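Each protein sequence line maps, in turn, to chains S and P. The numbers in the numbering used here rise by one with no breaks, and the one at position 17 of the first sequence is 40. The numbers in the numbering used here rise by one with no breaks, and the one at position 194 of the second sequence is 304. In this text, a Cβ means the ideal position worked out from N, Cα and C, and glycines have one as well. Note that the coordinates shown come from a computational prediction; the quantities given were computed from them, not determined experimentally. Please read the structure below before turning to the comments.
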Amino acid sequence: MAVATALVEAPVLATAPMSYWRTVAWRLGRDRTTLVAGSVLTLIVLSAVLAPWLAPYHPSAGSIRLRLAPVGGPGHILGTDEQGRDMLSRLLWGGRMTLVAGLTPVLVAFVLGSGLGVLAGYVGGVTNTLIMRTMDIFYAFPAVLLAIAISGALGPGLANTLISLSIVFVPRVVRVAESATVQVTGLEYIAAARASGAGVRAIIRHHLLANVLGPILVFSSTQVSLSIILAAGLSFLGLGVTPPAAEWGLMLNTLRQSIYVNALVPALPGLAIFVTSMAFNLLSDGLRDAMEIRG
Amino acid sequence: MSTPLLEVLGLRKHFPLRGGVLPRTRAWVRAVDGVSFDVAPGETLGIVGESGCGKSTLARLILRLIEPDAGVVRFDGEDVRAASPSRMKRLRRDMQLVFQDPYASLNPRLTIEATVAFSLLVHGTPRAEAAERARALLGRVGLDPRLHGQRYAHELSGGQRQRVNIARALVLDPRLLVLDEPVSALDKSVQAQVLNLLQDLKAERALTYVLISHDLNVIEYVSDRVLVMYLGEVVETGTAEALSQSPKHPYTQALFASAPSMDPDRRMDRLPISGDPPNPIDPPSGCRFRTRCPFAMPRCAEVTPPLMPVGTAHAVACYLYEVEPARLA
């Protein structure tokens with residue numbers, strides 16, 4: 024087709040075509056900060072998952088004679104806490120709780136929030152008003168206050184922490200999902216799909232979701248660090264995980280009185296929270312950059 | 111004249127403007143206000159007007175992408191608004207739309223081939239056959255299916271995207287193609303290529319076009335008949351030749367005067383109208399053009415002038431031509 028090739032206006036890139044998600048993965052792999060954050064997170068998650076095998080002691084076994092042993096002491100490489108329990112073991116076990124309490128609410132919010140937000144954005148009208156104004160009610164409270172209020176009403180415990188944090192994060196995700204959906208729905212390729220006779224389900228599946236899930240995923244990933252801090256905060260206040268279970272926020276709480284005796288030991292769970300949430304933040308930054316592909 | 115393929119009768123769409131503390135309708139934007147026209151099979155009808163005159167709304171009303179407030183759209187004698195959802199799905203194969211914005215009109219997450227094949231899949235064509243037909247059509251509109259088929263929209267130029275747009279509209283083998291500013295986002299040289307492609311495709315596939323544009327040169331180049339719109343209303347209609355040779359409505363005259371013509375003999379001395387069109391939220395009473403019209407008379411403010419014939423297949427909505435055509439210019 025000689026005429027056809029003559030009509031091609033611009034030279035085509037010489038690289039092999041890549042699917043969108045492969046391009047994102049390729050770009051993530053070239054971002055050094057993201058790689059470091061990702062490696063740190065992988066280590067943290069692995070150590071939490073493998074805690075039963077990695078921990079040298081049982082997390083609740085303590086010795087009254089060995090209270091607040093310093094970091095680097097014999098037998099306890101990270102020292103012991105105020106009840107003489109091995110800090111390393113408790114940090115490993117505590118990571119499990121903290122990660123579950125931090126990740127689950129965001130996961131729930133991603134699924135529920137995307138569903139509600141896409142529905143509100145695509146259907147519009149009364150459905151939109153109903154969903155969005157309901158979300159606004161939750162938005163009226165600061166996140167920390169809302170989490171404390173709901174946890175306080177439900178009582179302490181891991182399950183209640185997860186419920187209260189999910190309620191905190193769902194409205195945030197709904198808002199992002201709704202605005203992304205409204206924006207995409209107004210674009211001409213959605214109109215073109217409607218003009219081709221496609222039904223609502225086909226349009227949402229093939230044209231809408233592929234274009235809104237990316238931004239929602241990036242936003243949700245930014246919320247993980249906040250969720251971890253809130254979960255730890257609830258435990259610190261005695262509204263989350265209950266003793267003697269190991270959880271970083273709870274450990275911070277019980278160790279805080281020992282800060283004048285041995286400053287380094289109480290700082291360890293705080294450091295763990297800081298590093299984990301920082302790593303999640305850097306990872307979501309990298310994800311956002313990698314997904315910003317023109318077009 | 112044979113039975114029209116597309117009949118539009120008294121089409122009207124007013125958009126509510128909401129605002130205030132308690133949302134309520136405060137005003138109406140009269141985007142399309144009582145538009146009627148016919149398109150014969152095989153014809154190209156050009157619709158021209160300034161931006162904001164309701165051209166794109168009209169395109170979406172014809173395709174029933176938005177529901178009109180009043181009026182009838184008949185495709186091949188069938189009332190489109192009365193069609194059941196399943197009948198509508200069938201009708202959509204026959205009437206397709208080519209969009210204005212080559213960037214917003216293609217899904218950035220679909221490959222070019224998938225974009226074109228999607229419409230076929232919606233209508234139950236097997237996947238392999240849909241892909242095959244999509245590739246064939248991409249070749250026909252001047253893209254290399256092997257080179258471009260697996261690309262994403264952002265890897266293509268504006269002209270290439272518009273070719274994809276055309277291929278997507280044609281893949282269902284429609285009889286009517288509504289082209290909403292198909293070339294206005296493209297460079298001049300690319301415009302000509304795309305317009306020529308559209309002309310070739312029309313002859314090849316016995317298509318009927320409704321071409322919407324603000325560019326008189328584009329309209330004149332491809333149209334058999336032309337409809338001039340001003341603020342949601344038709345002010346003049348006639349063959350492309352009649353309109354360019356002897357435009358009647360002061361607005362049409364101004365449009366032709368302001369269009370840079372390639373032909374020195376056809377340049378007019380009349381000054382183009384100045385200023386922006388009035389707000390369609392609160393259009394002037396009577397003739398909507400009277401606020402910018404050099405010939406406005408008191409009665410222009412009272413009643414909207416109807417379309418009156420001024421020749422064979424030439425009609426104008428202006429009181430200047432009511433009794434006998436006054437000599438202008």
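Item, Value
"Within a Cβ cutoff of 8 Å, which residues of the same chain sit near S/Pro97, ignoring the five residues on either side of it in sequence?", "none"
"Quick one: grab the DSSP three-state call for P/Phe147.", "strand"
"So, with DSSP's three-state summary, where would you put S/Ala33?", "With a pLDDT of 44 at S/Ala33, under the threshold of 50, the predicted position of this residue should be treated as unreliable, though the coordinate-derived value follows. If DSSP states are grouped into helix, strand and coil, S/Ala33 belongs with coil."
"Pick out whichever of S/Leu169, S/Val123, S/Ala78 has its Cα sitting closest to the Cα of S/Thr299.", "S/Val123"
"Distance, Cα to Cα, S/Ala302 vs S/Leu310?", "12 Å"
"Figure out for me which residue from S/Thr57, S/Ala218, S/Asp104 has the closest Cα to the Cα of P/Leu280.", "S/Ala218"
"Could you check which residue in S/Gly178, S/Pro238, S/Leu135 has the C-alpha nearest to that of S/Ser189?", "S/Leu135"
"Using 8 Å as the threshold, is the C-beta distance between P/Leu337 and P/Thr349 below it?", "no"
"To the nearest angstrom, report how far apart P/Leu326 and S/Ala132 are at their CA atoms.", "53 Å"
"CA-CA distance, P/Val158 and P/Val118?", "16 Å"
"Would you kindly report the start and end of the unbroken beta strand (DSSP E) that includes P/Glu346?", "343-349"
"Taking buried to mean at least 16 other C-beta atoms within 10 Å of its own C-beta, is S/Ala37 buried or exposed?", "With a pLDDT of 42 at S/Ala37, under the threshold of 50, the modelled position of this residue cannot be trusted; read the value that follows with caution. Under this definition S/Ala37 is an exposed residue."
"Nearest chain S C-beta to P/Arg203 closer than 8 Å, yes or no?", "yes"
"Could you tell me whether any Cβ in chain S is nearer than 8 Å to the Cβ of P/Arg278?", "yes"
"Within 10 Å of its beta-carbon, does P/Tyr431 have 16 or more other beta-carbons around it, so buried, or fewer, so exposed?", "buried"
"Using the beta-carbon of each residue, which ones in chain S are nearer than 7 Å to P/Ser215?", "Glu211, Tyr212, Ala215"
"Between P/Val182 and P/Arg191, how many whole angstroms is the CB-CB distance? I'm expecting something under 8 Å.", "7 Å"
"Verify the CB distance criterion: does P/Lys298 have a CB-CB separation below 8 Å to chain S?", "no"
"Would you say S/Tyr43 lies against chain P (beta-carbon separation less than 8 Å)?", "yes"
"Is there contact here, the region 216-229 of chain P with the region 276-290 of chain P, by at least three beta-carbon pairs under 8 Å?", "yes"
"Let me see if you follow: with CB-CB separation under 8 Å, is S/Ala37 close to chain P or not?", "Residue placement at S/Ala37 is flagged as unreliable, the pLDDT there being 42, under the threshold of 50; the coordinate-derived value follows with that caveat. Not one chain P Cβ lies under 8 Å of S/Ala37."
"Quick check: what's the CA-CA separation for P/Lys199 versus P/Arg174?", "11 Å"
"Could you compute how far the alpha carbon of P/Leu248 sits from the alpha carbon of P/Asp211?", "19 Å"
"Quick check on the burial criterion: 16 or more other C-beta atoms within 10 angstroms. Buried or exposed for S/Glu201?", "buried"
"Could you give the DSSP three-state label for S/Val191: helix, strand or coil?", "helix"
"Could you compute how far the alpha carbon of S/Ala163 sits from the alpha carbon of S/Ser83?", "40 Å"
"So, is the C-beta of P/Ser229 closer than 8 Å to a C-beta in chain S?", "yes"
"By a C-beta neighbour count over all protein chains shown, 10 Å radius and 16 as the cutoff for buried, is P/Phe185 buried or exposed?", "buried"
"Output needed for S/His99: all residues of its chain with C-beta closer than 6 Å, excluding positions within five of it in sequence on either side, in chain order.", "Ala92, Asp109"
"Counting contacts by CB-CB distance shorter than 8 Å, is P/Asp211 in contact with chain S?", "yes"
"Quick check on the DSSP output: the alpha helix (DSSP H) that includes P/Tyr361 runs from which residue to which?", "360-368"
"Quick check: S/Leu257 and S/Thr157, are their CB atoms within less than 8 Å of each other?", "no"
"DSSP three-state label for P/Tyr340, please.", "strand"
"Check whether the Cβ atoms of S/Ser307 and S/Gly125 sit closer than 8 Å, and answer yes or no.", "no"
"Does any residue of chain S have a CB that is nearer than 8 Å to the CB of P/Val158?", "no"
"Distance, Cα to Cα, P/Pro357 vs P/Gly162?", "22 Å"
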